[in-house]
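Participant: Take this structure, written in structure tokens, and hold onto it; I'll ask about it next.
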Amino acid sequence: MGFGVAMACAVGALVAGVGVVAMALPGRPEPWPVHLMRRAAATAAWAAAAVYSLGFFAVLASESAFNDGANSVPAPACRDGFDAATIEGLSHHRSSYLPLRFDCVRDDGSHYSSDSGYGWMNGASASLALSAALLAIGAGYATELRTRKAAVTS
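Quick note, the sequence shown lines up with residues 80 to 233 if you use this note's numbering.
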């Protein structure tokens, strides 16, 4: 399910990206800068959704593997791939969907991340979402500016 959502978002980002590239071809709609900013905003929004959904379902899978049958406590995400010294004294975990994280907590209060990929997923999805918002605001501003210029010249 999680991979399917991420793939759907990725396909949406590719389709929107093709729309951005199409602006370089002859016969593009006018005013083309506004269309370009709108299409770029859609591409960034779809890409942000794709990256975030990858991380969301990774946290969800780690959370669901916890306390789900034999050998599931502490969470397998906190044990698998780590040496014995790292997991020594493991007491519980903390998970979050915003920002994405799945932290493993030891008895002494120290913690470590179960996956280092959450950092880049948080950064990428936040920067892509911010870019999408700025591009959408810019497209609205460009439309407003064009309308005001047309009203002054009329």
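Where is the CB? At the ideal position from N, CA and C, for every residue including glycine. No experiment lies behind these values; they were computed from the predicted model shown.
(1) Is the distance from the Cβ of residue 221 to the Cβ of residue 113 below 8 Å?
(2) Does the Cβ of residue 195 have 16 or more other Cβ atoms within 10 Å, making it buried, or fewer, making it exposed?
(3) So, with DSSP's three-state summary, where would you put residue 161?
(4) Can you name, in chain order, every residue of its own chain whose Cβ lies under 8 Å from the Cβ of residue 224, other than the five neighbours on each side?
(5) Give me the Cα-Cα distance between residue 189 and residue 201, rounded to the nearest whole angstrom.
(6) State the beta-bridge partners of residue 171 as determined by DSSP.
(7) Out of curiosity, what's the CA-to-CA distance linking residue 84 and residue 134?
(8) Where do the ends of the beta strand (DSSP E) carrying residue 192 lie?
(9) So, residue 138 versus residue 176, is the Cβ gap smaller than 8 Å?
(10) Can the beta-carbon of residue 174 be found closer than 8 Å to that of residue 185?
(11) Could you check where the alpha helix (DSSP H) with residue 153 kicks off and where it finishes?
(12) For residue 147 and residue 204, I'd like the C-alpha separation in whole angstroms.
(13) For the pair the stretch 109–129 and the stretch 206–213, tell me if three or more CB-CB distances fall below 8 Å.
Facilitator: With the structure as the only source:
(1) Here residue 221 refers to the residue found at position 142 when the sequence shown is read from its first residue. Here residue 113 refers to the residue found at position 34 when the sequence shown is read from its first residue. Their beta carbons are under 8 Å apart, which means residue 221 touches residue 113 by this criterion.
(2) On the sequence shown, position 116 is the one that residue 195 refers to. Counting Cβ neighbours within 10 Å, residue 195 comes out exposed, since fewer than 16 surround it.
(3) Counting from 1 along the sequence shown, the entry for residue 161 is found at position 82. Looking at residue 161 - three-state DSSP - the assignment turns out to be coil, as it is neither helix nor strand.
(4) Here the question's residue 224 lines up with position 145 in the sequence shown. Result list for residue 224: empty, nothing under 8 Å.
(5) Stepping through the sequence shown from its first residue, residue 189 is reached at position 110. Stepping through the sequence shown from its first residue, residue 201 is reached at position 122. For residue 189 and residue 201, the distance between alpha carbons rounds to 22 Å.
(6) Here residue 171 refers to the residue found at position 92 of the sequence shown. For residue 171, which the question treats as bridged, DSSP gives the partners 184.
(7) Against the sequence shown, residue 84 aligns to sequence position 5. Against the sequence shown, residue 134 aligns to sequence position 55. Near 11 Å, if we compare the C-alpha coordinates of residue 134 and residue 84.
(8) Start at 1 with the first residue of the sequence shown, and residue 192 comes out as number 113. That run of the beta strand (DSSP E) goes 190–192.
(9) In the sequence shown, the residue the question calls residue 138 occupies position 59. In the sequence shown, the residue the question calls residue 176 occupies position 97. Yes, Cβ-Cβ distance for residue 138 and residue 176 is below 8 Å.
(10) The sequence position of residue 174 within the sequence shown is 95, counting from 1. The sequence position of residue 185 within the sequence shown is 106, counting from 1. Taking 8 Å as the Cβ cut-off, residue 174 and residue 185 do not qualify as a contacting pair.
(11) In the sequence shown, residue 153 corresponds to position 74, counting from 1. Segment: none, residue 153 is in no alpha helix (DSSP H) and carries neither H nor E.
(12) Counting from 1 along the sequence shown, the entry for residue 147 is found at position 68. Counting from 1 along the sequence shown, the entry for residue 204 is found at position 125. Roughly 30 Å separates the two Cα atoms.
(13) yes
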